[in-house]
Amino acid sequence: MKYRRILRTLLVFVIAMTAANAFVKVTFAQGDDGLEELTRNLDTVWLLITAFLVFWMQAGFALVEAGFTRSKNITNILMKNLFDFVIGTLAFWAVGFSLMFGGSGSFVGGSEWWFLSDIPDIYPGLTVPFYAFFFFQLVFAATAATIVSGAMAERTEFKGYLIYSAVISLVIYPIVGHWIWGGGWLATRDTAFHDFAGSTVVHSTGGWLALMGAITLGPRLGRFGKDAKPMPGHSMTMATLGTFILWLGWFGFNPGSQLNADAASISLVTVNTNTAAAAGALTALLIGWFLQGKAQLGWGLNGALAGLVGITAPCAVVTPFESIIIGAVAAVVMYAVVVGLEKIGIDDPVGAVGVHAGGGVWGTLAVGLFANTESVSGLFHGGGADQLITQIIGIAAVAVFVVICGVILFNALKAIKWLRVSKEGELMGLDLHEHGMQAYPEFVSGD
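Read in this note's numbering, the sequence shown has 148 at position 101, and its numbers run on one by one without any break.
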């Protein structure tokens, strides 16, 4: 029986290889049209698989944020992460994608493709169908929106948060994306701004909005002042699982931004992504261990995420060794921002500002320092300061635009009393106050 199974397996393998060989021969025999179709199919499958991985990052963000917050607010956190994607999908489909890619204006698009109408079969300039490119961009937009929920956790009205989520997917993120990826003014400079997968477009945008949201809200009750008390997260298990999911998702986030299945490019990007995360995790762990006397898991988790954010812009134009440096520095920046915000009384329960704004700014600058390709050359490889200057201009422009939008948006919500829950609601917990349900009904405390 054992030998029969082996022979059967070998027979299936031979048949499969013969069929695959015949398929390839027939395809290439068809000439250029057959090769073009094969390329299109491979690129499309690759792009959609990476988009699915980026979508899976929503689960990672939900678990990280839930793990770093208290048990009485977990249902609220999970709902925000779910409805970021729900609202973002509809908003980006209707308006956001058009503003980002549907036109060649310097500031914003919007001249075509509203509600995905009158679209071509293949996205212009690429090999993949229009719908595949749209879905890939959609999951990126949702990522930018969900970054903010952690910084505003445990004290934000759910209805106000839904308004924020809609506005970023409708307007704020698409405009930033148009400047850099949609043919806007930063993309068309003599030395073009380079952000391969979104250190600025996605992460700094979300990070600056997270900072504005945290400032406008104010800290959680009892977080600072003479009666301050620690407010540790309720589950490091969740936070760790969420970090691993995000790490996995980044193998879609960065390599997928190649927008085709170019083997050499996506392989380099994958290795750079992984090494930067590892360097960030180790660096943050060691800094926290040295300065605080204990090896704390939370620093390692946020260090990995900071490394991932930092390498997102330069991942296609640097070496693996340079990615280690970039990831390590991103962790240092993250640590400094998290500690600095706490010292001045800005409450960010999950460290979102340090990870995404801090890591995003550094990663974008790193392009101007370390890039070494024919099209993008940084200061350390003989490219002069041109690329670095463009990167600085882009960082500053995005920061100013997003901060202004954040101030207007969050203060408008505050003015109509849709931003922060009442004192009673915050003490009760957002799960019961906002949603009438508990994540852990058997173990709820009133802390």
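Positions of the beta carbon are idealized from the N, C-alpha and C atoms, including for glycine.
This structure is a prediction, so every number in the text was calculated from the model and none was measured.
Between the CA atoms of residue j and residue i - distance to the nearest angstrom
i: residue 388; j: residue 238; result: 34 Å
i: residue 275; j: residue 415; result: 42 Å
i: residue 465; j: residue 187; result: 27 Å
i: residue 349; j: residue 197; result: 13 Å
i: residue 342; j: residue 305; result: 37 Å
i: residue 60; j: residue 169; result: Legend: pLDDT at residue 60 = 47, less than 50; position of this residue unreliable, no value from coordinates given.
i: residue 327; j: residue 337; result: 15 Å
i: residue 479; j: residue 113; result: 16 Å
i: residue 151; j: residue 158; result: 8 Å
i: residue 181; j: residue 271; result: 44 Å
i: residue 280; j: residue 120; result: 10 Å
i: residue 138; j: residue 129; result: 15 Å
i: residue 459; j: residue 211; result: 10 Å
i: residue 432; j: residue 426; result: 6 Å
i: residue 174; j: residue 167; result: 12 Å
i: residue 205; j: residue 473; result: 12 Å
i: residue 475; j: residue 273; result: 22 Å
i: residue 209; j: residue 134; result: 7 Å
i: residue 344; j: residue 123; result: 24 Å
i: residue 307; j: residue 463; result: 46 Å
i: residue 126; j: residue 429; result: 49 Å
i: residue 411; j: residue 148; result: 22 Å
i: residue 309; j: residue 368; result: 22 Å
i: residue 143; j: residue 356; result: 23 Å
i: residue 436; j: residue 324; result: 26 Å
i: residue 253; j: residue 366; result: 27 Å
i: residue 229; j: residue 235; result: 10 Å
i: residue 332; j: residue 347; result: 5 Å
i: residue 164; j: residue 88; result: 23 Å
i: residue 438; j: residue 340; result: 37 Å
i: residue 69; j: residue 92; result: Confidence in residue 69 is poor, its pLDDT being 47 and thus under 50, which makes the residue's placement unreliable; the coordinate value appears in the next sentence. Their Cα atoms are separated by approximately 21 Å.
i: residue 249; j: residue 225; result: 12 Å
i: residue 376; j: residue 313; result: 24 Å
i: residue 330; j: residue 102; result: 28 Å
Extent of the continuous alpha helix (DSSP H) run through residue i
i: residue 161; result: It is not in any alpha helix (DSSP H) - residue 161 carries neither H nor E in the DSSP assignment.
i: residue 478; result: 477-482
i: residue 464; result: Taken as a continuous stretch (DSSP letters only), residue 464 belongs to no alpha helix (DSSP H), as it is neither H nor E.
i: residue 128; result: 121-138
i: residue 250; result: Per DSSP, residue 250 belongs to no alpha helix (DSSP H) and is neither H nor E.
i: residue 147; result: 144-148
i: residue 278; result: No alpha helix (DSSP H) holds residue 278; DSSP gives it neither H nor E.
i: residue 291; result: 283-300
Distance cut-off 7 Å: residue i Cβ against heavy atoms of the ligand HEM
i: residue 453; result: Absence of the ligand HEM from the depicted structure is noted, as is the absence of any ligand whatsoever, leaving it without description.
Burial state of residue i (16 or more Cβ within 10 Å)
i: residue 394; result: buried
i: residue 116; result: buried
i: residue 400; result: buried
i: residue 503; result: The displayed coordinates of the chain run from 48 to 494. Any statement about residue 503 would go beyond what the structure contains.
i: residue 82; result: exposed
i: residue 111; result: buried
i: residue 359; result: buried
i: residue 470; result: exposed
i: residue 97; result: buried
i: residue 153; result: exposed
i: residue 227; result: buried
i: residue 498; result: Limits of the chain in this structure are 48 at one end and 494 at the other, which puts residue 498 out of reach.
i: residue 384; result: buried
i: residue 488; result: exposed
i: residue 108; result: buried
i: residue 132; result: buried
i: residue 17; result: Lying outside 48 to 494, the shown extent of the chain, residue 17 is not represented and no answer is given.
i: residue 80; result: exposed
i: residue 162; result: exposed
Distance between beta carbons of residue j and residue i, contact taken as under 8 Å
i: residue 257; j: residue 220; result: Between residue 220 and residue 257 the Cβ distance is about 13 Å, and since that is not below 8 Å, they are no contact.
i: residue 457; j: residue 247; result: With a Cβ gap of about 21 Å, residue 457 and residue 247 do not count as contacting.
i: residue 201; j: residue 477; result: 7 Å
i: residue 244; j: residue 300; result: 6 Å
i: residue 100; j: residue 295; result: 7 Å
i: residue 352; j: residue 402; result: 5 Å
i: residue 146; j: residue 222; result: 6 Å
i: residue 364; j: residue 418; result: 4 Å
i: residue 408; j: residue 251; result: 6 Å
Cβ of residue i within 8 Å of any chain D Cβ
i: residue 275; result: Going by chain labels, chain D is absent from the structure shown, which holds only one protein chain.
Quiz item: Where are the alpha helix (DSSP H) runs, 4 residues long or more, that stay fully inside the region 364-433, in chain order?
Solution: 367-390, 406-417
Self-check item: Length-filtered (4 minimum) alpha helix (DSSP H) runs lying within the region 194-270
Solution: 205-214, 220-228, 252-264
Quiz item: Considering only residues of the region 339-368, which uninterrupted beta strand (DSSP E) runs meet the minimum length of 3 residues and lie entirely inside it, listed in chain order?
Solution: none
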